[in-house]
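Take a look at the structure below.
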Amino acid sequence: MSKGTAYIVGAGDFTARGLVPGPRDLLIAADGGYDSLRRLGIRPHLLLGDMDSITGPAKGVARLRFPPEKDLTDMALAIRLARARGYRRFKLFGATGGRMDHSLANLQSLAGLAKEGLRGSIIAPEHSFYALANGALRFPPVRAGTVVSVFCLGPRAEGVSIQGLKYPLDNVPLDPFVPLGVSNETKGEAFCLSVREGVLIVMLGVSPGQAPPKRLTCSSTIR
18 MSKGTAYIVG AGDFTARGLV PGPRDLLIAA DGGYDSLRRL GIRPHLLLGD MDSITGPAKG
78 VARLRFPPEK DLTDMALAIR LARARGYRRF KLFGATGGRM DHSLANLQSL AGLAKEGLRG
138 SIIAPEHSFY ALANGALRFP PVRAGTVVSV FCLGPRAEGV SIQGLKYPLD NVPLDPFVPL
198 GVSNETKGEA FCLSVREGVL IVMLGVSPGQ APPKRLTCSS TIR
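Under our numbering, residues 18 to 240 are what the sequence shown spells out, in order.
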């Protein structure tokens with residue numbers, strides 16, 4: 018039986034939107050993310066981290082403690098553990114807000130998953146983030162006027178195309194130092210973003226209570 022999805026909850030700004038782990042899924046609290054789960058009455062399979070931001074009691078929960086002085090963030094350590102257990106799909110919560118350096122680190126981790134051919138997303142209160150490497154992401158229709166921004170992360174991205182949004186692109190490069198892909202908009206129809214070579218971060222705005230797209234599809238290579 019194939020693995021499900023690894024749900025990882027960090028200590029940043031939290032929303033329960035899309036937090037629906039099933040029997041084959043793994044739920045990890047990365048340090049202070051446990052507080053958000055505890056308020057919802059949800060017990061994770063594992064509490065991981067240096068325990069410097071957790072505030073509530075965690076009785077009866079398996080723990081994996083790390084020293085405060087370490088090379089990776091608690092979120093990155095949780096991703097590494099889930100990967101080692103065979104998970105290939107990741108949903109990260111509490112991964113933005115708070116400390117800006119941790120938000121940027123989590124976007125780097127998201128891009129790292131994409132580079133390895135794994136699927137991941139960051140679910141934040143007002144946005145969802147996706148990463149794309151040498152492939153395509155196809156989104157189902159969302160409310161017209163929803164903001165979609167696309168950023169190049171790393172070397173210049175080649176062969177970037179955007180279809181189905183207000184401002185299309187056709188096989189153009191995106192420079193990591195020029196925000197050409199910021200503030201696009203949906204038209205109420207399905208849309209697709211693709212890149213022949215490189216890594217993109219996609220930010221999709223959401224309305225309050227709106228769930229993340231359920232029929233998001235990904236192809237790992239562009240011909």
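Virtual Cβ for every residue (Gly too), placed ideally from N, Cα, C.
Residue i burial status per 10 Å Cβ neighbour count (16 or more: buried)
| i | result |
| --- | --- |
| V195 | exposed |
| A46 | buried |
| V189 | exposed |
| L94 | buried |
| T90 | buried |
| V159 | buried |
| M92 | buried |
| G49 | buried |
| A128 | buried |
Reduced DSSP secondary structure (H/G/I, E/B, other) of residue i
| i | result |
| --- | --- |
| G222 | strand |
| H119 | helix |
| R155 | strand |
| S126 | helix |
| G49 | coil |
| A33 | coil |
| A174 | strand |
| K204 | coil |
| A23 | strand |
| K132 | helix |
| E143 | coil |
| T238 | Unreliable positioning characterises T238 in this predicted model, as indicated by a pLDDT of 37, which lies under 50. The coordinate reading is nonetheless provided below. Reduced to three states, the DSSP call for T238 is coil. |
| A161 | coil |
| V199 | coil |
| D187 | strand |
| F194 | coil |
| A112 | coil |
| R41 | coil |
| G137 | strand |
Nonlocal neighbours in the same chain, by C-beta distance under 7 Å from residue i, ignoring five residues either side
| i | result |
| --- | --- |
| A33 | L57 |
Cβ-based neighbour list, residue i, same chain, cut-off 6 Å, excluding 5 preceding and 5 following
| i | result |
| --- | --- |
| G162 | E202 |
| A23 | L43, A99, Y104 and F107 |
| N38 | Here the sequence assigns Pro to residue 38, which means Asn is not the residue at that position. Result list for P38: Y24 and L44, in chain order. |
| G171 | V216 |
Sequence-distant residues of the same chain with beta carbon closer than 8 Å to residue i, five excluded per side
| i | result |
| --- | --- |
| Y184 | N201 and E202 |
Chain D within 9 Å of residue i, Cβ atoms only
| i | result |
| --- | --- |
| L81 | Protein chains in the displayed structure number just one, and chain D is not present. |
Next item on the list: Run through the segment 52 to 105 for me and flag every whole alpha helix (DSSP H) of 4 or more residues, listed as ranges in chain order.
Entry: 91 to 101
Next item on the list: Spell out a yes or no on whether the segment 168 to 180 and the segment 204 to 214 are touching, meaning 3 or more CB-CB pairs, one atom from each, closer than 8 Å.
Entry: yes
Notebook entry, point to check: Okay, do the segment 51 to 68 and the segment 112 to 123 touch, 3+ Cβ pairs below 8 Å being the bar?
Noted result: no
Checklist line | Segment contact flag, the segment 134 to 151 with the segment 65 to 72, C-beta cutoff 8 Å, min 3 pairs | finding: no
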